[in-house]
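Trainee: Using UniProt numbering, you'd call the opening residue of the sequence shown number 1 and step up by one each time.
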Amino acid sequence: MNMVERKRVNVMVTNGIIMALYLALTILVSPVASGAIQFRISESLNHLVVFNRKYLWGIFGGVVVYNAIFGMGWLDVIFGGGQTLLALSLTAVLQNIVKNTKVRLALNVVFFSASMFLIALMLNLTAQLPFWPTYGWTALSEAIIMTISAPIMYYLNERLHFAKQI
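1) Decide if Glu142 is buried, meaning its Cβ has at least 16 other Cβ atoms within 10 Å, or exposed.
2) Give the secondary structure of Val98 by DSSP, where H, G and I count as helix, E and B as strand, and everything else as coil.
3) Whose C-beta lies closer than 6 angstroms to the C-beta of Ile41 among residues of the same chain, with five residues either side of it excluded?
4) Can you name the residues that DSSP bridges to Val32?
5) Closest to Val77 by CA distance: which of Pro151, Ala87, Gly62 is it?
6) Let me know the secondary structure DSSP gives Met1 once reduced to three states.
7) Among Leu90, Gly35, Thr91, which has the Cα closest to the Cα of Gly71?
8) May I ask which residues mark the beginning and end of the alpha helix (DSSP H) holding Ser141?
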């Protein structure tokens with residue numbers, strides 16, 4: 001196996017591990033993982049994309065698989081996956097534009113919190129929850145988890161160097 005093939009395999013295996021970790025954290029650790037108020041500890045993994053955009057597919061895959069198995073049906077897969085892909089993509093695009101890691105972490109929190117309108121819309125369609133209060137609660141709960149986890153992920157990166165692991 002040549003070096004390019006080894007790197008591809010490394011990226012795929014690492015993303016598979018991240019997907020499994022996302023699922024384990026959501027299923028086993030998160031007190032409230034679905035509905036209008038969501039505190040998914042696994043959402044802290046969203047910050048990995050701040051350090052290296054190659055982590056995007058593992059996180060996205062974890063969300064899609066969780067929503068497909070434990071979510072509210074195919075709309076949850078589409079809207080939840082779409083929300084994650086949108087926010088992760090915005091953060092990934094900034095990797096070469098915004099050099100300050102702390103600023104990228106803060107923007108990642110904003111992207112994920114603001115994009116929760118997609119989850120509120122899905123909950124409005126599937127559970128008939130009112131859009132604006134649902135958006136407020138989902139955005140707030142996402143902002144809390146993401147804000148608390150940002151400095152933790154920053155600290156972990158100082159020790160583990162996420163960008164160099166994949």
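Using N, Cα and C, we set each Cβ at its ideal position, and we do this for glycine too.
Since we're looking at a predicted model, the values are computed, not measured.
Mentor: In brief:
1) buried
2) coil
3) Leu25, Val29, Ser30
4) Val32 has Phe39 as its beta-bridge partners, per DSSP.
5) Gly62
6) coil
7) Gly35
8) Start and end: 131–160.
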